[in-house]
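This report concerns only the one structure given below.
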Amino acid sequence: MRFRDQLELSLSNLWKVKLRTLLTTAGVVVGIGALVSMMSFGTGMQKNVTETFKSLELFNSITVFPEGSGPGGSDPDRIDPHQPRRVPAGTAKAVLDDRALDAISKLRGVETVYPDVNFPALVRFNGREEFRLVQVLPAKIAGSRMIKLRAGKPYLSDDADEIIVNDYLLRRLDVKDPASAIGKRIEIASVSFDLGRLNPMDFSSIFQGGKLPVSKETYEFRIVGVSENMGFGPGSVWNELMIPPGAARKIKKLPFTSIWDIFRLQEGAIGYSALNVRLSSPGEVDAVKARIKEMGFSTFALADQFAQVRQAFFFLDMILAAVGMIAIFVAALGIVNTMVMSILERTREIGIMKAVGAGDGDVRSVFVFESSIIGFAGGLLGYGLGWIVSRVINRVVNYFLARQSLPAIDYFAFPWWLFAGALAFAVAVSLAAGIYPAHRAALVDPVKALRHD
Amino acid sequence: MRNAVAEPIPQGPSAAVEVRGLAKIYRLGRVDVPALRDVSFRVEPGSFTAVTGVSGSGKSTLLNLVGGLDTASAGSITVMGKDLALMSRDGLARYRRSGVGMIFQSFNLLSSRTALENVEFPLLFAGVPKAERRERAASLLDQVGLAGRSRHRPIELSGGEQQRVAIARALVNRPPLVLADEPTGNLDSRTAREIVGLLAELNRSRELTILMVTHETALAREFAHAVIRLHDGRVESEEKLR
């Protein structure tokens, strides 16, 4: 039998029982639709995270902490407080100071090193005040892909009295249009120790309610850029105000930003709380990490964490696929049911086919074709349904995100393999569901089928 | 079951259908019901042979066996020199496709298809291209006198017309042998006579071998060359008329 004739014969058979064909196909549509939207959600989430990591250049960054401190030292045993801190034998406790910064920046594969410096400050703009952490960020980093600007441009010099403000903070300061803030002056008021009033080692007077031994000073900056709020914020660049290091040096500020610093202050050497290291390529991460560890610092690289993230996504995908599979399985049962029913009704027709010379294979393929057509149509429409459902969910979610001033994210991804896979899977499942009924049809006894009652 | 051949059967390679010691036993539950027991006869090429007998004499069973729709319990059927018992399932399908055409009492047309589509239906399985199918089917409908009815569905046709469509369908693969199982059973006597007359016509004009089962002895005697009477699964008599 010719392929075209077979197709036409099967299509006309399906057309004869339109309603039943429609309902059976609807089962496949729902099943494939569920599977497609689930898979596209899993894929979309993974793509979002991966791309955010990539665009923020998080795969080629390492954060360096002084030995035994800082968040998430990369060796798990160091997190356990009962374990003694292990310092590499023969080295004094390494201090994360400018000398260390210099040494790290000379390592092969290292592009930029800059200290992670934050200080608290009062921001005054547009007649409003907000209390925020200011991040000190070299011009080189501010101008890199790590900072996405919504308006204006990054500061070009490390000594300029210029500042990049985040759009979220601007909204809090009642500025609706980010571009309107460009070029305006903003006041940063920082607090610092008034050394004339305090022995910095004696904190007890503070806690006993004495007058705070601090003074407050105000500095003026010019807003040059407005940065975008990051939807995902796992990284070092998430502060709402960024100023260049040269300008930061002029500001009198507290020498610490966390409790860790206070403890280390008592130990003597303080250094930086962390250094951000940017590498020329993600491939250098392991080598540079090893060298930095040799210097007696601990490191944290998101690239390491990402393997675990991938695994988590794999499990998420599996669970989503399993839910989709249940729907497909039910649809497959629907096909088997329809085909078996149809064979019972069409026994005489099968008898006629055989009487005029159809072989077992011809009969079988007519039924396999019919179920495959159901699968193909179901796969095609199911993909469409999955796409529509995902778009609607995406719209709704992003509507609520926008109300919270969060940027729109595409939660679903539709790579080409999802389309091809959904279609192939729908046809394969329908084919499998059609095999048993088709086999039964081929075995119909023509004499019994044609016996007139 | 198979007895020694009592009467000598005319031998020769030229028979269109040669049946020897044919038996068919149906198993109903635990009881064996013989439908045919030791049937032997031969049909000459280009002849019109009628098989008569009362209901239950085994006529239809015989025709289904010769048509390759069923398989014998014992004995042999040779059609155009080929033993059906030696054919595989696919071989039998090929035989039904091009070796034989069948006509039934209840017409067995596909109700959702037009007369033309019914006639071309067997050609689908022969892999004949659509244009040629159409042409051959239309020409056959013309020959059976239904040229104007090709777009009608079976339900819109009379019994006689439906049987003509079935005859055209039986001929579309150009088989040398046509088997007709009570072709007049569902028709009034005038139409019945027309249909048998058409078969006789085709037998003459196309040198078609026809084996027709019927219980209408008068019609059989009027048109057939030979009449075989079956009784209780055996050949009761064999009569050559012309």
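As you go down the protein sequences, you meet chains D and G in turn.
Just so we're aligned, residue 1 is where the first sequence starts under the numbering used here, counting upward by one.
Just so we're aligned, residue 1001 is where the second sequence starts under the numbering used here, counting upward by one.
Heads up, the beta-carbon is just placed ideally off N, CA and C, and yes, glycines get one too.
- For the stretch 334-366 of chain D, residues whose beta-carbon sits nearer than 8 Å to a beta-carbon of chain G comprise R348, E349, G351, I352, M353, K354, A355, V356, G357, A358, G359, D360, G361 and D362.
- At least one CB of chain G lies nearer than 8 Å to the CB of M1 (chain D).
- Neighbours of L1124 (chain G) in chain D, taken as residues whose beta carbon is under 7 Å from its own, are M1, D5 and L9 in chain order.
- With the rule of 3 Cβ pairs closer than 8 Å, the stretch 57-67 of chain D does not count as touching the stretch 369-381 of chain D.
- The DSSP-derived three-state label of S1040 (chain G) is strand.
- DSSP lists D:F65 as the beta-bridge partner residues of S298 (chain D).
- At the C-beta level, G1099 (chain G) and L1177 (chain G) come within 8 Å of one another.
- Membership of R128 (chain D) in the beta strand (DSSP E) is indicated by the continuous run R128 to V136.
- Residue range V1017 to L1028 is occupied by the beta strand (DSSP E) that includes Y1026 (chain G).
- For S1112 (chain G), the C-beta contacts it makes with chain D under 7 Å involve K16, in order along the chain.
- Taking a Cβ-Cβ cut-off of 8 Å, V323 (chain D) has no neighbours in chain G, whose nearest Cβ is about 40 Å from it.
- If only uninterrupted alpha helix (DSSP H) runs of at least 4 residues are considered, those enclosed by the stretch 418-450 of chain D are 446-450.
- Bounds of the beta strand (DSSP E) holding A1074 (chain G) are A1074 to V1079.
- Per the Cβ contact rule, the stretch 97-107 of chain D is in contact with the stretch 271-283 of chain D (3 or more Cβ pairs under 8 Å).
- With contacts defined as CB atoms closer than 8 Å, F1104 (chain G) and I1228 (chain G) fail to qualify as a contacting pair.
- Considering only beta carbons, no part of the stretch 1020-1047 of chain G lies closer than 9 Å to chain D.
- With respect to chain D, the C-beta atom of G1053 (chain G) has no partner C-beta closer than 8 Å.
- Residue contact with chain G for L381 (chain D): absent (no Cβ-Cβ distance below 8 Å to any residue of chain G).
- For K153 (chain D), the CB contacts under 7 Å within the same chain, skipping 5 residues up- and downstream, are V224 and G225 in chain order.
- The C-alpha of G434 (chain D) lies about 13 Å from the C-alpha of F329 (chain D).
- DSSP places E1207 (chain G) in no alpha helix (DSSP H); its state is neither H nor E.
- Cβ proximity to chain G below 7 Å picks out P446, V447, L450 and H452 from the stretch 430-453 of chain D.
- Listed as beta-bridge partners of K1082 (chain G) by DSSP are G:V1079.
- Contact between the stretch 430-444 of chain D and the stretch 325-344 of chain D is established, with three or more Cβ pairs separated by less than 8 Å.
- Interface annotation, L1069 (chain G): in contact with chain D, CB-CB separation under 8 Å.
- Check the Cα spacing between V309 (chain D) and each of D:G378, D:M45, D:I141 and D:E349: the tightest is with D:M45.
- At a cut-off of 8 Å between beta carbons, M1102 (chain G) contacts chain D.
- With contacts defined by Cβ atoms closer than 8 Å, S37 (chain D) and G386 (chain D) form a contacting pair.
- Flagged as an interface residue toward chain D: S1098 (chain G), by a C-beta distance shorter than 8 Å.
- Within its own chain, the residues whose Cβ lies closer than 7 Å to the Cβ of A181 (chain D), once the five positions on either side in sequence are excluded, are V165, L170, V175, I223 and V226, listed in chain order.
- DSSP, read as helix, strand or coil, puts P120 (chain D) in strand.
- In the structure shown, N394 (chain D) adopts helical secondary structure according to DSSP, grouped into three states.
- At a cut-off of 8 Å between beta-carbon atoms, G1127 (chain G) makes contact with chain D.
- Neighbours of A1093 (chain G) in chain D, taken as residues whose beta carbon is under 9 Å from its own, are K354, G357, A358, G359, D360, G361 and D362 in chain order.
- Contacts between R1089 (chain G) and chain D, judged by CB atoms closer than 8 Å, involve G359 and D360 in chain order.
- Per DSSP, the beta-bridge partners of Y219 (chain D) are D:I188.
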